[in-house]
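First residue of the sequence shown? That's 153 in this note's numbering, and the numbers climb one at a time after it.
The beta-carbon is built from N, C-alpha and C at its ideal position, and this holds for glycine as well.
Here the structure is a predicted model, which is why all the values come from computation and not from measurement.
One structure is given here, and the rest of the page talks about it.
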Amino acid sequence: MKKIIGKVAATEKKPTTIDEFYFWTNKQRILNPFDVVKVEHIDKSISYGVIEEISHITDSASYLSNFISSDFGDVSTEPNMHRIGMNFVKAKVLGNNKSIYTPVLDGSKVGLAEQAEVLEALGLDKIKNKLICGYIEMYRDEDKVTLPVHFNSQFLIGPEGAHLNISGISGLAAKTSYTMFLMKAIQDEYLSKQDGNDSVAFVMFNVKGRDLLAIDEPNEELSKEEKERYTKMLGLNTEPFKNAKYYYPYSNHSTSKTHSYGNSNDINTQVDLDKAFRYKYDFEDDKESLDLLFSNVEDSTGTMESIVNFILTGQGGFGDITSWSQFINKVGEYTKSGQKGDKEISVMSWRKFKRIVTKALNNEIFSQRVVPEKNEIRLKDSIKNIQKNDIHVIDIAKLDQDTQSFVFGDVIRAIYDLKLGQEEREENDIPSKIVIFIDELNKYASKDIPKNSPILRQIIDISERGRSLGIILFSVEQFKSAIHDRVKGNCATHAYGRTNAIEISKGDYRFVPNVYKNMMTRLDPGEYIIEHPVFRSLLNIKFPRPLYKQFPNG
């Protein structure tokens with residue numbers, strides 16, 4: 153065996169087991185958590201382990217002995233005696249190249265795994281349907297190993313498994329950047345495919361500033377070295393996203409006619425190139441989505457739902473309404489004492505209903521009819537016509553939270569209608585997979601969202617049966633522990649960025665070794681700990697900066 157670094161140590165109190173073993177190594181040897189080691193085992197086989205903990209131990213009986221040996225605490229003198237010391241390493245068993253799973257034996261030689269052995273140990277050598285997800289680095293100096301890492305795409309976007317969840321604190325976890333890296337890899341993969349029956353499209357929600365409003369423009373700040381990492385190591389091209397279209401909330405009070413953090417000149421240029429549109433909601437076409445305005449309202453008695461049903465069934469004169477202003481006026485009639493309506497709905501309930509809808513409908517996206525000649529659209533129509541390899545970026549960053557929820561829920565419904573065959577399109581013409589990317593998932597699927605929320609129901613439905621329909625959720629949030637259990641529990645792939653000590657103490661991280669959890673509080677931007685069904689262990693991966701245009705503080 154080459155590159156021997158130590159030997160297995162099995163003691164009475166810490167024996168080797170099928171799952172783990174310990175070995176000693178020189179105290180000067182630099183090793184890190186996630187490094188892979190190999191052990192000589194019986195029948196000339198090799199067992200692999202991944203390092204979880206590293207301890208340093210000496211023959212000193214106590215801290216007092218150390219103090220005395222340094223001339224009773226004189227830090228300027230050399231100790232009277234040199235302590236015998238070593239590093240003691242705990243490793244988790246990954247497997248054996250001959251499928252021998254009896255514990256490794258005391259005194260067995262331990263060495264550094266070479267490149268091919270690292271791939272074999274982590275289960276990366278037999279991955280099918282490869283999709284690049286980053287790269288790993290191990291060891292130091294002449295022993296250094298740098299390898300690309302691939303997901304099995306069928307466990308990310310179906311049909312074997314589906315959905316991605318990424319967590320980490322704001323600003324330092326680079327959650328959006330990593331999600332976009334994966335979606336760039338997916339688009340490259342599908343653009344190169346000749347199989348017309350297997351296709352993908354993307355729907356992204358821009359929720360922070362201008363983050364995603366120029367994803368088809370190159371990042372001029374990337375260095376030559378960073379671009380070479382994309383091409384030579386990761387096998388991706390260095391072009392930004394293709395086929396991107398942008399959808400901005402309509403406003404009559406800005407030069408770009410949009411309610412957005414985007415630059416007016418940039419937006420107008422996108423409109424001139426016919427790749428940007430302003431979205432509105434028309435009462436006659438969009439009244440079916442009224443319930444989405446109550447996604448964040450606790451309605452345990454179902455009164456708001458009853459009012460919505462009363463309106464949608466055309467009762468009480470609501471069947472003659474053609475505009476939002478008429479709608480508000482009609483609702484106002486039912487807030488007055490003595491008005492006749494559904495006997496089970498009180499005037500107080502109507503007043504609550506009016507307060508909520510009036511606040512939402514003050515937004516200009518509800519104000520006027522859609523004028524296609526001015527690049528105005530309904531989002532449902534844009535989703536209905538989404539093409540293979542298209543990217544629809546929907547800007548909701550400047551909307552208030554309730555209106556954001558309304559737009560998000562409306563788009564999700566449109567995607568469902570499309571995939572369930574509610575639209576008049578040939579099935580072969582519809583993208584077989586539609587990936588939805590939403591940041592700040594806590595706004596829509598946290599444990600605190602009312603159980604009656606229609607948006608929460610939709611997200612749970614996507615997580616539980618979206619895979620079979622080809623609807624895939626890529627979700628991002630700061631704190632994973634706050635997300636509804638049925639949503640995160642149905643995600644096949646999880647990525648953990650930098651987080652804080654309070655978060656890692658929650659039950660969601662119970663399965664993570666303590667050293668790995670502590671590392672999560674120190675991860676750098678561009679670094680993630682990944683859990684994926686085909687990996688034999690958690691992996692510490694890295695990824696490069698985005699290829700598309702970045703904005704300051706974005």
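With 16 or more other Cβ atoms inside 10 Å of its own Cβ, Met335 counts as buried.
Judged by beta-carbon spacing, Gly573 lies beyond the 8 Å limit of Ala314, meaning their Cβ atoms are not closer than that value. Going by DSSP, Thr455 is part of the alpha helix (DSSP H) stretching over 455-464. Burial state of Asp195 is exposed, judged by a 10 Å Cβ sphere holding fewer than 16 other Cβ atoms. In the structure shown, the three-state DSSP call for Lys585 is strand. Per DSSP, the continuous alpha helix (DSSP H) segment holding Pro606 begins and ends at 606-621. Contact between the stretch 598-613 and the stretch 301-320 is not established, with fewer than three Cβ pairs separated by less than 8 Å. The DSSP-derived three-state label of Gly573 is coil. A distance below 6 Å between beta-carbons, with the five flanking residues on each side excluded, links Tyr398 to the following residues of its chain, in chain order: Gln422, Ala428, Val545. Rounded to the nearest angstrom, the gap between the Cα atoms of Ile607 and Asp591 is 15 Å.
The beta carbon of Thr510 lies closer than 7 Å to those of Ile480 in the same chain, with the five residues before and after it left out.
In terms of Cβ geometry, Ile170 and Val262 do not form a close pair [threshold 8 Å]. The beta strand (DSSP E) runs of length 3 or more contained entirely in the stretch 372-404 are, from start to end of the chain, 396-401.
Shown here, Val523 sits in coil according to DSSP, grouped into three states, outside any helix or strand. Looking only at Lys242, Ile338, Tyr700, the smallest Cα-Cα distance to Val256 is reached by Lys242. Excluding five sequence positions before and after Ser475, the CB atoms of its chain that fall closer than 7 Å to its own CB belong to Phe435, given in chain order. Looking at the backbone, the Cα of Glu269 and that of Met672 are separated by about 26 Å.
The alpha-carbon separation between Phe224 and Met290 amounts to approximately 41 Å. Contact check for Val189 and Leu264: beta-carbon distance about 6 Å, within the 8 Å limit, so the pair qualifies. It is roughly 23 Å from the alpha-carbon of Phe462 to the alpha-carbon of Asp569. Rounded to the nearest whole angstrom, the CA to CA distance from Asn248 to Ser199 is 4 Å. Inter-segment contact for the stretch 633-641 and the stretch 593-601 is present: three or more beta-carbon pairs are separated by less than 8 Å.
Inter-residue distance for Pro167 and Phe687 is about 26 Å (C-alpha atoms, whole angstroms).
Counting only residues of its own chain and dropping the five nearest sequence neighbours on each side, Tyr400 has a CB closer than 8 Å to the CB of Ser408, Thr410, His411, Ser412, Gly414, Ile419, Ala428, Phe429, Arg430, Tyr431, Asp547. For Phe303, the enclosing beta strand (DSSP E) starts and ends at 297-304. Annotation: Lys394 to Pro696 spans about 19 Å, alpha carbon to alpha carbon. Spatial neighbours of Ile156 in its own chain (CB-CB distance under 6 Å, excluding positions within 5 residues in sequence) are listed in chain order as Lys261, Gly263.
The Cβ-Cβ distance between Asn317 and Lys632 falls below 8 Å. Within the stretch 316-349, the complete beta strand (DSSP E) runs of at least 3 residues fall at 316-319. CA-to-CA, the gap between Val499 and Ser489 works out to about 7 Å. Residue pairing by DSSP places His544 opposite Val355, Lys397 in a beta bridge.
Under the three-state reduction of DSSP, Ile497 is assigned to coil, being neither helix nor strand. If you draw a straight line from the Cα of Val587 to the Cα of Ala337, it is about 13 Å long. Per DSSP, Ser441 lies in no beta strand (DSSP E) segment and is marked neither H nor E.
With respect to Thr651, Ile279 sits apart: the two C-beta atoms are not nearer than 8 Å. In the three-state scheme derived from DSSP, where H, G and I count as helix and E and B as strand, Ile203 is classed as strand.
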